[in-house]
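Those sequence lines, one after another, are chains H, B, P and U. Sequential numbering of the first sequence, starting at 3, is according to the numbering used here. Sequential numbering of the second sequence, starting at 3, is according to the numbering used here. Sequential numbering of the third sequence, starting at 3, is according to the numbering used here. Sequential numbering of the fourth sequence, starting at 3, is according to the numbering used here.
There are 4 protein chains.
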Amino acid sequence: MTSEPRTDTRARIQEVALELFAKQGYEKTSLREISERIGVTKAALYYHFKTKEDIAASVFEDGLKAMEEMLVWARTKPRTREARAEILRRYCAVVRDGIGRSRFIQQTDQQSMPGMERFFAVMYELNALLQPENASTREAMQTGLAIHSLHFGWMKMRALSGGDLTEDEFEETLMGIVLDILP
Amino acid sequence: MTSEPRTDTRARIQEVALELFAKQGYEKTSLREISERIGVTKAALYYHFKTKEDIAASVFEDGLKAMEEMLVWARTKPRTREARAEILRRYCAVVRDGIGRSRFIQQTDQQSMPGMERFFAVMYELNALLQPENASTREAMQTGLAIHSLHFGWMKMRALSGGDLTEDEFEETLMGIVLDILP
Amino acid sequence: MTSEPRTDTRARIQEVALELFAKQGYEKTSLREISERIGVTKAALYYHFKTKEDIAASVFEDGLKAMEEMLVWARTKPRTREARAEILRRYCAVVRDGIGRSRFIQQTDQQSMPGMERFFAVMYELNALLQPENASTREAMQTGLAIHSLHFGWMKMRALSGGDLTEDEFEETLMGIVLDILP
Amino acid sequence: MTSEPRTDTRARIQEVALELFAKQGYEKTSLREISERIGVTKAALYYHFKTKEDIAASVFEDGLKAMEEMLVWARTKPRTREARAEILRRYCAVVRDGIGRSRFIQQTDQQSMPGMERFFAVMYELNALLQPENASTREAMQTGLAIHSLHFGWMKMRALSGGDLTEDEFEETLMGIVLDILP
DNA sequence: AATGAATGAGACTTCATTCAT
DNA sequence: AATGAATGAAGTCTCATTCAT
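This is the structure:
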């Protein structure tokens with residue numbers, strides 16, 4: 003006999019929170035909504051997490067860690083065009099993976115979501131690592147747009163262009179375009 | 003002449019609302035904040051606008067009208083590469099102009115901001131008009147990314163890349179990149 | 003015709019808050035209780051005061067001001083026994099007056115009530131002014147006990163010893179005792 | 003011998019509760035705070051005590067018993083000035099002892115702390131026993147103030163007048179003053 | 001053209017308490 | 001002897017909105 007598989011409320015909270023934050027935004031999602039969806043009281047959320055911000059932070063944690071790990075690796079690479087393309091490819095995989103779990107940063111650009119500072123720090127360094135050495139203004143902008151296009155592609159386009167492409171095909175097409183943007 | 007020097011509270015409301023919505027988002031901006039900033043009571047806002055949504059809608063109105071007018075013109079154009087590039091150039095001007103007033107759709111992607119449906123409709127048609135005839139999936143995606151890069155460029159990059167470029171230079175550089183993305 | 007005597011909710015809030023804070027303490031008194039007693043919603047309290055602490059502070063304000071004014075006068079007095087006795091007599095009147103409005107610092111010794119710092123500052127200086135010059139430890143203690151006995155007398159004993167004395171008689175008796183304690 | 007070295011959580015709870023109740027008051031002290039300080043869960047408190055009130059009551063128990071025992075003895079005494087002074091002296095010792103464990107009734111005057119009724123009953127009878135027979139109103143008040151000064155002296159002054167006196171010296175000085183108040 | 005006063009709904013959070021294990 | 005998970009009630013506070021003046 004094995005012990006009943008505990009319904010692991012904590013994980014359910016993260017799951018549901020993720021879904022609702024993505025769909026309606028952090029502000030618009032109330033703890034009442036989350037708890038009702040799970041079938042516990044609001045107070046139960048506070049048993050598992052200290053604050054609402056804490057829930058949000060925990061939801062981002064995995065994705066952020068994956069990004070930060072990737073950065074560690076990326077820092078060792080030279081700034082050749084080839085190496086930079088490789089970094090971008092790997093970053094694409096990280097994003098895709100994060101997306102797989104759920105569209106996790108639909109609201110990337112919003113200051114209101116807690117725990118975003120770390121995300122911005124990652125973005126900042128990634129941007130630096132993807133630029134050629136002594137990048138011109140134009141090249142710097144191209145790099146920024148490449149990264150953002152990658153995000154936008156996964157977050158928004160994947161949903162819209164819907165069924166006609168498999169995820170692998172979508173990735174390939176997106177990377178094709180994005181690598182053309184990267185200087 | 004008779005009319006007292008209009009203090010035009012109505013315009014001030016729009017102005018301040020615009021600024022705060024852009025900085026902190028629609029949800030996070032309270033009517034109290036807006037009214038305090040202007041130096042009137044919350045109730046005064048209700049003399050000029052029916053609801054908070056109404057304020058938001060009115061703030062977008064000008065920008066949206068400009069976009070819709072541009073669309074009317076764009077519809078008459080053929081789908082040649084040259085014509086499409088011209089449309090994009092003109093759209094760029096519209097965005098820039100909207101930006102000039104204030105970064106007005108920083109949170110483009112958010113459903114929570116009221117009056118967004120009309121904006122999405124514009125985006126949808128613009129996207130269609132900018133694609134070559136019988137566009138491939140890749141070409142469709144390129145078009146979407148070109149438009150979004152235009153937005154992102156003005157909304158976010160302009161602020162960051164800061165002082166080294168005049169607005170005209172920035173526009174030129176951005177359009178150079180974006181036209182390379184457009185199929 | 004005169005305008006209807008506005009029921010002045012603000013004053014009622016202070017009145018009721020004072021009563022409840024005194025009876026049950028600051029912590030135990032909820033805004034719900036106050037507002038229900040007055041017949042308004044909790045939100046109405048927030049129209050008149052920024053926070054619960056604010057209500058408490060405003061309730062103390064008058065009494066504190068009276069004390070501080072008295073201090074200003076007391077500072078000009080010499081430290082003769084006679085002058086000190088006069089200060090104590092005047093302080094007695096201030097306390098009595100404060101009591102008259104309501105027993106306003108029943109919980110003097112509690113840190114939890116906001117706005118108490120100012121009260122403690124007053125106590126501290128009063129204590130200094132009431133001591134003879136170069137007071138011995140014993141004299142310092144006597145001064146402290148005299149002040150505290152004054153408080154305790156008005157706050158607690160007046161209620162208990164109830165009806166047999168008029169307020170004037172009570173004051174006379176209390177002052178008689180307290181002046182015997184003062185060195 | 004069999005019993006494991008008792009970690010005596012029960013005693014630690016009382017100890018910590020005492021400290022926190024004294025420092026912040028009963029209301030402001032939460033069971034979470036107590037349990038965290040000890041390093042057990044809140045639920046553990048409920049193994050040892052039925053309710054929060056129960057904890058408070060148990061904390062007062064020793065001091066109250068000491069007082070009640072003293073009362074038993076005091077009842078047998080005549081009402082001569084000498085005997086009454088002796089009672090007061092002994093009561094002083096009891097208070098000092100209670101203080102030694104911790105400042106246990108800093109908030110004496112608060113109704114919110116459970117188990118206070120018994121304490122008030124003791125005070126009431128003590129007050130009666132310390133009055134001369136057929137006491138005048140003034141004498142009754144003097145008695146009350148003497149008792150309260152004793153409390154206040156130990157609870158508040160001891161802390162403030164700090165280091166210059168040993169506990170024995172402090173007691174002597176305080177009793178000197180208080181016996182002058184007692185009629 | 002605007003204010004002063006108020007409301008009702010709902011937000012986040014904390015608390016004492018319970019109970020199966 | 002104690003924990004992990006949860007609850008229900010209550011708390012403070014904020015918000016968009018209304019309405020008589």
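Cβ atoms here follow ideal geometry from the backbone N, Cα and C, with glycine treated the same way.
From P/LEU73, P/TYR28 and P/LEU128, residue whose alpha carbon lies closest to that of P/VAL61: Its Cα nearest to that of P/VAL61, the residue P/TYR28 stands out among P/LEU73, P/TYR28 and P/LEU128.
Would you report the Cα separation of U/ALA19 and B/LYS52, rounded to the nearest angstrom? When rounded, the distance between both Cα atoms is 55 Å.
Kindly list the residues whose CB is nearer than 6 Å to the CB of B/ILE101, restricted to its own chain and excluding five residues on each side of it in sequence; keep chain order. Only residues of its own chain outside the window of five on either side were considered, and among them TRP156 have a CB closer than 6 Å to the CB of B/ILE101, listed in chain order.
Just by C-beta distance, which residues in the segment 130-144 of chain B are closer than 8 Å to chain H? So the list reads THR139, ARG140, ALA142, MET143 and GLN144, given in the order they occur along the chain.
Top-ranked residue by Cα proximity to P/MET75, from P/PHE154, P/VAL180 and P/LEU132: Reading off the sequence, residue 75 of chain P comes out as Trp, not Met. Closest option to P/TRP75, judged by alpha-carbon separation, among P/PHE154, P/VAL180 and P/LEU132: P/LEU132.
Taking the continuous alpha helix (DSSP H) assigned at H/GLU135, which residues delimit it? H/GLU135 -> no alpha helix (DSSP H), and no H or E assigned at all.
Mapping the DSSP letters down to three states, classify B/GLY27 as helix, strand or coil. Coil at B/GLY27, not helix or strand.
With a CB to CB cut of under 8 Å and the five nearest residues on each side skipped, what residues in its chain are close to H/GLU135? Contacts found: ARG81.
To be precise: take each residue of the segment 154-170 of chain H, compare its Cβ to all Cβ atoms of chain B, and keep it if any distance is under 9 Å. Which residues remain? Listed in chain order, the positions of the segment 154-170 of chain H with a beta carbon within less than 9 Å of a beta carbon of chain B are PHE154, GLY155, MET157, LYS158, MET159, LEU162, SER163, ASP166 and LEU167.
Just how far apart, CA to CA, sit B/PHE172 and H/GLY65? Between B/PHE172 and H/GLY65, the alpha-carbon positions lie close to 33 Å from each other.
Using only CA atoms, which one of P/ALA13, P/GLU84 and P/GLU71 lies nearest to P/HIS50? The candidate whose alpha carbon is nearest that of P/HIS50 is P/ALA13.
Classification of P/PHE122 by the beta-carbon crowding that lies within 10 angstroms, buried from 16 upward: Exposed, because fewer than 16 other Cβ atoms sit within 10 Å of the Cβ of P/PHE122.
Restricting to runs no shorter than 4 residues, where is the alpha helix (DSSP H) found entirely within the segment 38-109 of chain P? The qualifying runs are 44-50, 54-77 and 83-103.
Could you check the C-alpha separation between B/MET125 and H/GLU71 for me, to the nearest Å? Cα to Cα, the separation comes out at about 36 Å.
Could you tell me if H/LEU147 is buried or exposed, where buried requires 16 or more neighbouring beta carbons within 10 angstroms of its beta carbon? Result: buried.
Starting from P/THR175, follow the alpha helix (DSSP H) in both directions and report where the run begins and ends. P/THR175 -> alpha helix (DSSP H) spans 169-183.
Does chain B have any CB closer than 8 Å to the CB of H/ILE186? Examination of residue 186 of chain H is not possible in this model, given that chain H is present from 3 through 185 alone.
Length of the line joining the Cα atoms of P/LEU33 and P/GLU21: Computed Cα separation, rounded: 13 Å.
Give a yes or no on whether 8 Å exceeds the smallest Cβ distance from P/LYS54 to chain U. By this cut-off, P/LYS54 is not an interface position.
Separation of B/MET159 from P/ALA45, as counted between CA atoms: C-alpha separation (whole angstroms): 43 Å.
Anything in chain B within Cβ reach of H/SER32, meaning under 9 Å, just list it in chain order. Ordered by position in chain B, no residue passes the 9 Å Cβ test against H/SER32, which lies about 11 Å from the chain.
From U/CYS94 to U/ILE179, what distance separates their C-alpha atoms? Cα to Cα, U/CYS94 sits roughly 12 Å from U/ILE179.
Cβ atoms of P/MET143 and U/THR145: under 8 Å apart, would you say? Their beta carbons are not under 8 Å apart, which means U/THR145 does not touch P/MET143 by this criterion.
Taking the alpha-carbon positions, what's the U/PHE37 to H/THR43 distance? Inspection of the sequence shows that residue 37 of chain U is occupied by Ser rather than by Phe. So the two alpha carbons sit approximately 23 Å from each other.
Could you check which residue in U/LEU162, U/ASP170, U/THR139 and U/LEU167 has the C-alpha nearest to that of U/PRO185? Looking at the Cα atoms, U/THR139 is the closest of the given residues.
Taking only beta-carbon atoms, is P/ILE183 less than 8 Å away from chain U? Any Cβ of chain U closer than 8 Å to the Cβ of P/ILE183 would place that residue at the interface, and such an atom is present.
What whole-angstrom Cβ distance do U/PHE23 and U/THR11 have, given they're in contact under 8 Å? Wrong, their Cβ atoms sit about 18 Å apart, outside the cutoff.
Less than 8 Å between CB atoms is the rule here; does B/GLY41 satisfy it with respect to chain H? Closer than 8 Å: no.
Applying a beta-carbon distance threshold of less than 9 Å, which residues of chain P neighbour U/ILE2? Lying outside 3 to 185, the shown extent of chain U, residue 2 of chain U is not represented and no answer is given.
Pull up the distance between the alpha-carbon of P/ARG91 and that of P/VAL97, whole angstroms please. Cα-Cα distance, rounded: 10 Å.
Compare the Cα-Cα distances from P/ARG120 to each of P/ARG39, P/LEU152, P/GLU88 and P/GLU63 and report the closest residue. P/ARG120 has its Cα closest to that of P/GLU63, out of P/ARG39, P/LEU152, P/GLU88 and P/GLU63.
Just checking U/ALA148 against the ligand GDP - is the residue's beta carbon closer than 7 Å to any of the ligand's heavy atoms? What this structure holds is no ligand at all, so the ligand GDP is not there to describe.
Is there a Cβ of chain B sitting closer than 8 Å to that of H/GLU29, yes or no? Yes - at least one Cβ of chain B is within 8 Å of the one on H/GLU29.
Chain-ordered chain B contacts of H/GLY100 [CB-CB under 8 Å]: Correct list: empty, because the minimum Cβ distance to chain B is about 17 Å.
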